[in-house]
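Protein sequence lines correspond, in order, to chains D and V.
Note that the first sequence covers residues 943 to 1184 in the working numbering.
Note that the second sequence covers residues 943 to 1184 in the working numbering.
What follows is a set of notes on a single structure, which appears directly below.
2 protein chains.
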Amino acid sequence: MGTKERRQRQFAEREQLFLEHARELIRESGLLNLQMSRLAEKCEYAVGTLYQHFASKEDLLLALTTAQAQEHTELFRRVAEWKTLSRERMFAIGVADKIFVQRNPDHFRISQYALCEVVWRAASPDRREDFLAVCQPIGRCVASIVEDGVRDGDLELNGVTVQELCTGLWALCNGTHNLVHTEGVLEDFAVRDAYRVMCQHIQVMLNGFGWKPLADPTDTQAMHRLIQRIKNEVFHDFCCEN
Amino acid sequence: MGTKERRQRQFAEREQLFLEHARELIRESGLLNLQMSRLAEKCEYAVGTLYQHFASKEDLLLALTTAQAQEHTELFRRVAEWKTLSRERMFAIGVADKIFVQRNPDHFRISQYALCEVVWRAASPDRREDFLAVCQPIGRCVASIVEDGVRDGDLELNGVTVQELCTGLWALCNGTHNLVHTEGVLEDFAVRDAYRVMCQHIQVMLNGFGWKPLADPTDTQAMHRLIQRIKNEVFHDFCCEN
DNA sequence: CAAGGAAAATGAAGATGGTTCAAAATTCGG
DNA sequence: CCGAATTTTGAACCATCTTCATTTTCCTTG
């Protein structure tokens, strides 16, 4: 009875198709103008079929976000498996974030919207659960690096929990994305390359935590060399250029 | 010809009324369920009148955000005028943020939504400009503290610009708000009091920048004393309790 | 291979809620 | 007190999301 499996596979494929085209539509004409009927038409299906996959438009948006979070997770997993000093590994998490956002320029706009109360609440519970499940490994990757740092004697927690430490870096990265994607905010504030700055701030914060070996804050060359090294050793297939 | 002025004043008052009631409706039944017609009814005006103030629903939401950003600015201005060590003043910015968010629990949810591409673009250009204008002093307050730190010899920039340094702390605060207000994210991550953690992270970051006098990261008592002192000396009238 | 029925796809109709605008009401100067 | 100018009104309009009765497709069975 392979019929059922085939059906399921085709169904999953079609879901990918919808997501793919949705992303394309958003790229072309903005999140604002995404319309369910247009999307269905573009995919050559009826609206009703689209609604067999997604309980609502919001549900679709959260599904989009989840799909991209999956790729995000993949980058982090690589970092966690990288064999090097714990401090460098932690810094590489920031670089992974930077690379991810640059490769998926639309992702943050979509997820920013999809994770707002309004959209989040309107998505189906299943979809929300999915999203949280996909994000979980991210937290675990980062936490494991912190634990390694402590085990290797590079870092002392001083009463801070592993999760709390992670939250700081997470907030820093997340906040940077947020500022970057809020039109008019950083432009007016004369910050040129926000992601380079983010990397510097990660170094500052890791220094603040006393995570050894400390980085020399005046040596931007060293930071760029490290970023290059990370790109070569960990993400060689993700960023040929730059 | 005082007629014109009176009209304008009444118009402005009515706008406040609309904003007030909108906030109330959101508090009662969520951003998701805010309806223009309901809002008009609650205010005992016709929908058309509401639309004389706000070009669209999105415009209203951005106006709400702007109004609250004004109060936010006020808190920051106080901090900037506080006479004390530059490092303490900078830390107080974080405390101001914490107080503001706790006093305005809905603000972040609304602004998070209003500043998303979708809503931002749908608001009127005037409204967007207003928002940016209101936010500008925030940046200036923070920047002035950094400049004071440098002048007083408490801080060396080491090639980082003032704006870049500010961006780091801003991102940290903003990111924390974001994580706190994204349902299910921090809960699963076992972070209890995210804003206490945020304050710790600010200290870590300021230490990382080498901003003197350095804080002892193991001494949480000292941090709480400082927070209390800030509440007493700067925000006495804002937070009687806690 | 035809029949029957389960499963899936369809898209027109329905529902919702934002927005407009012609008409009614109000205000104000003369 | 009049009539023009301004403001308010809310029913009608319209854009989209969503549903669901009908049609089509697909598969099993006799």
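Just so it is clear, CB atoms sit at the ideal spot from N, CA and C, and this is done for glycine as well.
Check the C-beta distance from residue 1050 (chain D) over to residue 1017 (chain D) and give it rounded, since I have them as a contact under 8 Å. Not quite, the Cβ-Cβ distance comes to about 14 Å (not below 8 Å), so this is no contact.
If the cut is a Cβ gap below 8 Å, which residues of chain D does residue 1130 (chain V) touch? 1074, 1078, 1081
Ordered along the chain, which non-local residues of its own chain (more than five positions away) have a Cβ less than 7 Å from that of residue 1166 (chain V)? none
Separation of residue 971 (chain V) from residue 990 (chain V), as counted between CA atoms: 23 Å
Kindly indicate if chain V contains any beta-carbon less than 8 Å away from that of residue 1143 (chain D). yes
Contact the segment 1133–1145 of chain V vs the segment 1154–1173 of chain D: 3+ CB pairs below 8 Å: no
Give the straight-line distance between the Cα atoms of residue 1109 (chain V) and residue 1118 (chain D), rounded to the nearest whole angstrom. 8 Å
Under 8 Å between the Cβ atoms of residue 1063 (chain V) and residue 974 (chain D)? yes
Which listed residue (V:1037, V:995, V:1124, V:1087) has its alpha carbon closest to that of residue 1055 (chain V): V:1124
Kindly indicate which three-state DSSP category residue 1061 (chain V) falls into: helix, strand or coil? helix
C-alpha gap between residue 1126 (chain V) and residue 1071 (chain D), whole angstroms: 9 Å
Would you mind reading off the limits of the alpha helix (DSSP H) that contains residue 1159 (chain V)? Where residue 1159 (chain V) is concerned, there is no enclosing alpha helix (DSSP H), given that its DSSP letter is neither H nor E.
Establish whether the CB of residue 970 (chain D) and some CB of chain V are separated by less than 8 Å. no
Between the segment 1079–1099 of chain V and the segment 1075–1095 of chain D, do at least 3 Cβ pairs fall closer than 8 Å? no
Go ahead and pull the three-state DSSP assignment for residue 970 (chain D). helix
Closest residue to residue 1074 (chain D) among V:1128, V:952, V:1081, V:976 (Cα-Cα distance): V:1128
Might you give, ordered along the chain, the residues of its own chain that have their beta carbon closer than 6 Å to the beta carbon of residue 956 (chain D), omitting 5 neighbours on each side? none
First and last residue of the uninterrupted alpha helix (DSSP H) at residue 1078 (chain D): 1067–1093
Just to check my reading of the structure: residue 1029 (chain V) and residue 1021 (chain V) have Cβ atoms closer than 8 Å, yes? What is that Cβ distance to the nearest angstrom? At roughly 12 Å, the Cβ-Cβ gap does not stay under 8 Å, so residue 1029 (chain V) and residue 1021 (chain V) are not in contact.
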